[in-house]
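**Q** Taking our numbering, the leading residue of the sequence shown gets 53, the next gets one more, and so forth.
Every residue, glycine too, gets a C-beta built ideally from N, C-alpha and C.
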Amino acid sequence: MAEYGVVVLGAAGVGKTALTVGFATGHFQEDWEVTVDDSYRKQFAVDGETCTLLVLIIFSFRFHVLLTFTFFSNLQTALKDQYLRRAEGFMIVYAITSHSSFESVAGFRDRMLALKMLDAVPMVVVGNKCDLDGQRAVATDEGAALTASFGPSCRFIETSAQSRINVEEAFAQLVRAIRQPNAPPLDPSAERRRKCSLF
Numbered sequence: 053m054a055e056y057g058v059v060v061l062g063a064a065g066v067g068k069t070a071l072t073v074g075f076a077t078g079h080f081q082e083d084w085e086v087t088v089d090d091s092y093r094k095q096f097a098v099d100g101e102t103c104t105l106l107v108l109i110i111f112s113f114r115f116h117v118l119l120t121f122t123f124f125s126n127l128q129t130a131l132k133d134q135y136l137r138r139a140e141g142f143m144i145v146y147a148i149t150s151h152s153s154f155e156s157v158a159g160f161r162d163r164m165l166a167l168k169m170l171d172a173v174p175m176v177v178v179g180n181k182c183d184l185d186g187q188r189a190v191a192t193d194e195g196a197a198l199t200a201s202f203g204p205s206c207r208f209i210e211t212s213a214q215s216r217i218n219v220e221e222a223f224a225q226l227v228r229a230i231r232q233p234n235a236p237p238l239d240p241s242a243e244r245r246r247k248c249s250l251f
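1. If you reduce the DSSP assignment to three classes, tell me which class I110 lands in.
2. Exposed or buried, what is R161 when buried is set at 16 or more other beta-carbons lying within 10 Å of its beta-carbon?
3. Take K301 and list the residues in its own chain whose beta-carbon comes closer than 8 Å to its own, dropping the five residues that flank it on each side.
4. Can you have a look at E101 and say buried or exposed, based on whether 16 or more other CB atoms are within 10 angstroms of its CB?
5. Ignoring anything shorter than 3 residues, give me the beta strand (DSSP E) runs that lie fully in the region 191 to 233, in order along the chain.
6. What is the DSSP secondary structure of D177, reduced to helix, strand or coil?
7. Look up R93 in the DSSP assignment and say whether it is helix, strand or coil.
8. Under the three-state reduction of DSSP, which class applies to M143: helix, strand or coil?
9. Under the rule that 16 or more other beta-carbon atoms within 10 Å means buried, what is G67, buried or exposed?
10. Report the partner residues of L61 according to the DSSP bridge assignment.
11. Measuring alpha carbon to alpha carbon, tell me which of L184, D99 and L136 ends up nearest L165.
12. Which value, in whole angstroms, describes the spacing of the CA atoms of A158 and Y146?
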């Protein structure tokens, strides 16, 4: 059975934990105490083929955008970078109600590419909280256009962790991105071990 290490990233408060825990356990909890990075494991069937997902949520991360450094915290360790380098796929989450969280997506992607030393990586951009459409600050087309600019290895979907809209599909899309023939090669060491929008 294939085993894929994936990382969930995004600005604070966008629903990274709610999405991941909802995927791993099938339950939604609105209030989470965000302290340290967390990880989850789940066997998951995608297109008739079962795999194991090892999901790491990054709560604190530092990245470089042009000439401006943004620090979510000073927590950036060699161990975290090592896991990020070995990950096969990345999920970058923003909230459709927060344009600033959307603006951080490109910075997270650039940091991942720099760590992986690749031009592209399997990735899904997730616009979460699509149940709050009346508070929308990021148009669906805007999210889709940004994702398309990242190239064919990147996919886009809108989700709601609270309403359980497209939660499993978001992770299924990430698995498909990892499996697609033109995806960057997997790390050999890693190989061992509806209502919202979907593009």
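**A** Straight from the coordinates:
1. Counting from 1 along the sequence shown, the entry for residue 110 is found at position 58. DSSP places I110 in coil when its eight states are reduced to three.
2. As a first step, residue 161 must be located in the sequence shown, where it is residue number 109. By the neighbour-count rule (16 or more Cβ atoms within 10 Å), R161 is buried.
3. With the chain covering 53 to 251 only, the question about residue 301 has no answer from this structure.
4. Against the sequence shown, residue 101 aligns to sequence position 49. With fewer than 16 other Cβ atoms within 10 Å, it is exposed.
5. 206 to 210
6. On the sequence shown, position 125 is the one that residue 177 refers to. Rather than Asp, the amino acid found at residue 177 in this sequence is Val. DSSP places V177 in strand when its eight states are reduced to three.
7. Stepping through the sequence shown from its first residue, residue 93 is reached at position 41. The answer is strand: DSSP assigns R93 an E or B state.
8. One-based indexing of the sequence shown puts residue 143 at position 91. It is a strand residue.
9. Taking the sequence shown and counting its residues from 1, the one referred to as residue 67 is at position 15. The residue in question, G67, is buried, as its Cβ has 16 or more Cβ neighbours within 10 Å.
10. Here residue 61 refers to the residue found at position 9 when the sequence shown is read from its first residue. L61 is bridged to I144.
11. Taking the first residue of the sequence shown as 1, we reach residue 165 at position 113. Nearest C-alpha to L165: L136.
12. Locating residue 158 in the sequence shown gives position 106, counting from the first residue. Locating residue 146 in the sequence shown gives position 94, counting from the first residue. Those two C-alpha atoms are separated by around 11 Å.
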